[in-house]
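Colleague: This is the structure, below, for whatever I ask next.
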Amino acid sequence: MSINSDFPKEGLPVLNGDFLLYLSEDHQCVYLEAVVPKRDISSDEYQELLNILREKGVVYGLLEKPIWKGERLILAHGKLPQEGKDASLEWLVKFEKEDKKESEEQIDYREQKGFFCVRKGQEIAVKKPPIPGMPGVNVFGKEIPARNGQDITVKTNEYVGFEPESQTYFAKSSGLLKVFNTHIEIHPEFHIHGDIDWDTGNIHFYGKKLTVSGDIKRGFKVLVEGDLEVMGNVEDETSLKVYGNLLIEGLIVGENIKIFCSGQARIGAVEYSTLEIKKDLVIMDYILGGKVKAGGDIFVTEGIGSLIGGEICARGSITAHVLGSRANIETIIHAGYEEELDTQIKETQQKLASLEKQKAFLRKALKKGIKLLKQKKLPQEQINELEKLKSSFENLLTLEESYREELKRLYDEVLLLEKKAEIKALGHVFVGVKIVIGKEAQKITENLKAVKFKLRNGQISLFKADE
0 MSINSDFPKE GLPVLNGDFL LYLSEDHQCV YLEAVVPKRD ISSDEYQELL
50 NILREKGVVY GLLEKPIWKG ERLILAHGKL PQEGKDASLE WLVKFEKEDK
100 KESEEQIDYR EQKGFFCVRK GQEIAVKKPP IPGMPGVNVF GKEIPARNGQ
150 DITVKTNEYV GFEPESQTYF AKSSGLLKVF NTHIEIHPEF HIHGDIDWDT
200 GNIHFYGKKL TVSGDIKRGF KVLVEGDLEV MGNVEDETSL KVYGNLLIEG
250 LIVGENIKIF CSGQARIGAV EYSTLEIKKD LVIMDYILGG KVKAGGDIFV
300 TEGIGSLIGG EICARGSITA HVLGSRANIE TIIHAGYEEE LDTQIKETQQ
350 KLASLEKQKA FLRKALKKGI KLLKQKKLPQ EQINELEKLK SSFENLLTLE
400 ESYREELKRL YDEVLLLEKK AEIKALGHVF VGVKIVIGKE AQKITENLKA
450 VKFKLRNGQI SLFKADE
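All residue numbers for the sequence shown refer to this note's numbering, where the first residue is 0 and numbers rise by one.
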């Protein structure tokens with residue numbers, strides 16, 4: 000007999016016609032629906048129903064007691080298959096910026112956008128294996144197959160590594176992270192075709208080089224662990240931190256700009272801005288009213304080639320076409336000087352001064368103790384303390400020697416800087432310029448042409464530019 004005849008769609012009358020017996024279309028459930036007003040059934044009636052079900056081949060999921068679910072009295076139910084789970088990537092990086100709980104007035108919306116970068120060695124994702132499905136069973140005991148999870152193919156470029164044992168993808172190079180479903184790429188070099196503005200947000204880039212074809216607009220911040228090239232201008236109230244080399248083709252203008260570069264820099268022009276460059280600086284046009292500090296040499300020989308106003312300081316030498324202007328604007332040109340070196344000297348001198356105070360205290364105590372020792376008025380316990388004082392004094396002398404050696408090394412470095420440093424004007428030097436080499440200063444009282452300044456015997460001396 001077929002299932003359809005055993006379990007007709009219109010229901011099979013049972014229990015004296017009080018109920019109709021049904022089988023769900025998926026063969027997962029056998030149930031009753033009441034014809035008379037809804038009532039519970041007795042244990043004898045249920046036993047009668049179980050016998051009927053067994054005769055019809057129902058062998059799985061028979062309940063010890065029937066259960067009402069809505070208008071249905073459930074007698075048996077099967078087990079649905081559990082679908083397998085496909086392999087997947089568990090991301091170890093956070094792509095979304097964390098929401099801040101502060102009020103909207105405190106949120107910097109420039110930080111709500113931006114590009115996502117990873118550093119070399121950073122773990123990106125773990126591949127989770129596929130999970131097989133669990134087969135189900137219908138009320139007739141027939142197994143229902145389940146779909147097994149499928150594996151995935153993860154595509155990467157050459158800058159993404161894979162560790163088979165842990166199934167982990169990691170960055171072989173710092174750079175911009177791009178993800179397309181199961182396609183992972185890292186780009187050590189990235190080009191922004193346009194400005195850094197509200198469309199991009201502040202930029203935090205870790206990689207080999209970031210190139211910006213447009214401007215860095217007012218108020219935005221850029222941090223680059225690598226080289227930065229900007230083809231346009233840099234507007235006021237911006238902040239640039241570059242841990243590599245820097246190229247800015249255009250103009251940097253604004254009193255509230257702060258630029259730091261740990262490498263070499265080549266810049267179009269500067270107006271009223273603050274720059275700290277750790278190595279050589281090349282200006283392609285001019286500096287006007289800027290506060291510029293370089294850890295190497297400064298060259299301003301292209302274009303206008305002028306240093307006008309402000310303060311220009313270099314650890315090495317400074318070469319420009321023009322120093323100052325015909326308007327006699329105060330311009331400080333300082334070569335052969337490193338602020339960090341000066342700070343180290345002052346700190347070492349302070350250590351020596353503190354050491355001298357400690358020595359004076361111990362010297363006084365030792366003098367008194369030795370006098371009592373000669374008079375044989377010291378008990379053994381105080382003799383032991385006197386020996387400790389001697390040891391402490393000797394340690395101070397050793398420390399003092401190391402500080403003096405360090406101070407000598409710093410002074411020698413300063414002398415070497417001052418000896419090598421020169422300030423050269425290939426064109427004109429105007430009244431209003433103050434020449435400083437090391438700590439020696441000289442004001443220009445008459446206009447000069449094609450000259451250079453160097454230290455000779457502790458004095459700033461004037462030479463022809465080509466000497």
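The beta-carbon is built from N, C-alpha and C at its ideal position, and this holds for glycine as well.
How is the alpha helix (DSSP H) around residue 360 delimited, first residue to last?
Modeller: 338–373
Colleague: Only counting the same chain, and skipping five residues up and downstream in sequence, which positions put a Cβ closer than 6 Å to that of residue 11?
Modeller: 20
Colleague: Any idea if residue 69 is buried or exposed, counting beta-carbon neighbours within 10 angstroms, 16 or more meaning buried?
Modeller: exposed
Colleague: Distance, Cα to Cα, residue 456 vs residue 372?
Modeller: 54 Å
Colleague: Determine the closest residue to residue 208 out of 194, 241, 196, with distance taken between C-alpha atoms.
Modeller: 241
Colleague: Once the 5 residues before and after residue 184 are set aside, which same chain residues still bring their CB inside 6 Å of it?
Modeller: 156, 177
Colleague: Considering only DSSP beta bridges, list what residue 428 is partnered with.
Modeller: 322, 447
Colleague: Please list, in chain order, all residues of the same chain as residue 260 whose beta carbon is under 6 Å from its beta carbon, the five residues on each side excluded.
Modeller: Only residues of its own chain outside the window of five on either side were considered, and among them 241, 245, 276 have a CB closer than 6 Å to the CB of residue 260, listed in chain order.
Colleague: Relative to the C-alpha of residue 114, which residue among 221, 359, 55, 379 is closest?
Modeller: 221
Colleague: Under the DSSP definition of a beta bridge, which residues are partnered with residue 154?
Modeller: 182
Colleague: Using alpha carbons as the reference points, say which of 128, 205, 137, 143 lies closest to residue 121.
Modeller: 205
Colleague: Do the CB positions of residue 282 and residue 293 come within less than 8 Å of each other?
Modeller: Not a contact, by the Cβ cut-off of 8 Å.
Colleague: Mark residue 128 as exposed unless 16 or more other C-beta atoms lie within 10 angstroms of its C-beta, in which case mark it buried.
Modeller: exposed
Colleague: How many whole angstroms separate the CB atoms of residue 79 and residue 27, which I take to be in contact at a CB cut-off of 8 Å?
Modeller: 7 Å
Colleague: The alpha helix (DSSP H) spanning residue 45 covers which residue range?
Modeller: 42–54
Colleague: Within 10 Å of its beta-carbon, does residue 172 have 16 or more other beta-carbons around it, so buried, or fewer, so exposed?
Modeller: buried
Colleague: Nearest by alpha-carbon distance to residue 227: which of 138, 191, 255 is it?
Modeller: Measuring from the Cα of residue 227, the nearest candidate turns out to be 191.
Colleague: Does DSSP classify residue 390 as helix, strand or coil?
Modeller: helix
Colleague: Would the stretch 308–325 and the stretch 334–341 be scored as touching if the rule is three or more Cβ pairs under 8 Å?
Modeller: yes
Colleague: Out of 381, 231, 307, which has the shortest C-alpha to C-alpha gap to residue 331?
Modeller: 307
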